[in-house]
Amino acid sequence: MSLAVVGSVAFDSVSSPFGQVERQLGGSATYAALAASHFTDVRLVAPVGDDFAPEHYEVLEGRGIDTGAIQLFADAKTFFWRGRYEFDMSVAHSDVTELNVFAGWRPRLSVEARQSEMLFLAAMDPETQLDVRKQWLGAKFAALDSNAYWIKHKPEHLVAAIRTVDLVLMNDLEARELTGEPMLLRAARMIMSWGPRAVVLRLGEYGCALLTADGYFSLPAFPLENGLDPTGCGDAFAGGFLGYLDVTPRSKLTETILRSAVTYGSVMASYCMESFGPDRLVSLSEREINYRFEDFRQMTHFEHVSTHPRARDGAADERDRHPARPGLTPSIRPHDAPHRTPSIQTPPAPHRTPSTERPSPSLKPPRAE
């Protein structure tokens, strides 16, 4: 079991309404690799400059990631990005983008990376994605991500790259722009018609959706109380999704397994949001991952709720006919609210006193193993 992740390693300077960081380790391949490392063996393929220090390798290798395929370019700088987020943090505003060693980079997969069972092509030039896909000899699952820049400048090459993979990950705006379809379901079906077995649409704060030939699945975003930085969340999603799939036998990649993969991807994306940079992905425990997966299960499970199906009016069988809704009668007609009088005016709330102060909520105790 192994996953080859090909993309960018970068330094990010990010500001959000909740703080800022300077030259934090980042990049699409970094986030995906760290998330996937909690499930499977990862081989990272990316270019870096001579400003990529030993402590940066240690972050990756500390999670067991194989960094042997990282290409070091002397007398050059690592990809750098400076961005900021508004109060709702739904859109990243790029202030500075310096591709540096990433500009024109053409990766050459190592023997080990070529033979990895799974492949993730992070957002980059689709011609490069096509080249890497041809080098890969694995046969289990290949996935591709992209962004608005390549959709705008190289749509034909991107469609050609999409034809060679099993899974496409995009956000809703990118899917609409690439296909010209305003309705997301139609956009996803068009992308699937080009060859992939599945399409995952990331919907930001509204969660994500999975489309396969067997069905449609939607999952909400995890309700966070504290979110600091959405940078890398989409790549962390991809890493969690593919990392989980890699530990599943190829013959069992069913609709149910793909839905579990979507949930694990959402788990990793939610944890990524809890810190600036990839720090949270580095420090995560298996217990935390499984705990949040179970939270998702509880949030979205409703089969235990007792329901009674309603037969439609006009059913052929009288026993299945749903009774017509009764008309309003004086006893059930809604009444107008009475006008305010001095006797029913709402009195002002009293001032707080030490005896009426609300105590601070206690923290939720951890779930027992």
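Position one of the sequence shown corresponds to residue 3 (my numbering), numbered consecutively onward.
Backbone N, C-alpha and C define an ideal beta-carbon position, used for all residues, glycine too.
Note that the coordinates shown come from a computational prediction; the quantities given were computed from them, not determined experimentally.
{"Asked": "Whole-Å CB distance - residue 201 paired with residue 170, under 8 Å assumed", "Found": "5 Å"}
{"Asked": "Contacts around residue 226, its chain only, beta-carbon distance under 8 Å, and the 5 residues preceding and following it disregarded", "Found": "272, 275, 276"}
{"Asked": "CB contact flag (residue 65, residue 115, <8 Å)", "Found": "no"}
{"Asked": "Proximal residues to residue 281 (C-beta, below 7 Å), its chain only, five neighbours per side dropped", "Found": "none"}
{"Asked": "For residue 227, three-class secondary structure by DSSP", "Found": "coil"}
{"Asked": "Span separating the alpha-carbon of residue 150 from that of residue 160", "Found": "11 Å"}
{"Asked": "The ligand MN heavy atom lying under 7 Å from the CB of residue 134", "Found": "Questions concerning the ligand MN fall outside what the structure shown contains, since it holds no ligand whatsoever."}
{"Asked": "Residues of its chain near residue 135, where Cβ-Cβ distance is below 6 Å and the 5 sequence neighbours each way are ignored", "Found": "166"}
{"Asked": "Residue environment, residue 215, which counts as buried when at least 16 other CB atoms sit within 10 Å", "Found": "exposed"}
{"Asked": "Those residues which DSSP pairs with residue 100 across a bridge", "Found": "82"}
{"Asked": "Residue 49 beta carbon less than 8 Å from that of residue 73", "Found": "yes"}
{"Asked": "Option in 236, 261, 284 with minimal Cα separation from residue 30", "Found": "236"}
{"Asked": "Length-filtered (3 minimum) beta strand (DSSP E) runs lying within the region 153 to 198", "Found": "169 to 173"}
{"Asked": "Beta-carbon gap between residue 121 and residue 107 smaller than 8 Å", "Found": "no"}
{"Asked": "Reduced DSSP category for residue 89 - H, G, I as helix; E, B as strand; rest coil", "Found": "coil"}
{"Asked": "First and last residue of the uninterrupted alpha helix (DSSP H) at residue 262", "Found": "257 to 274"}
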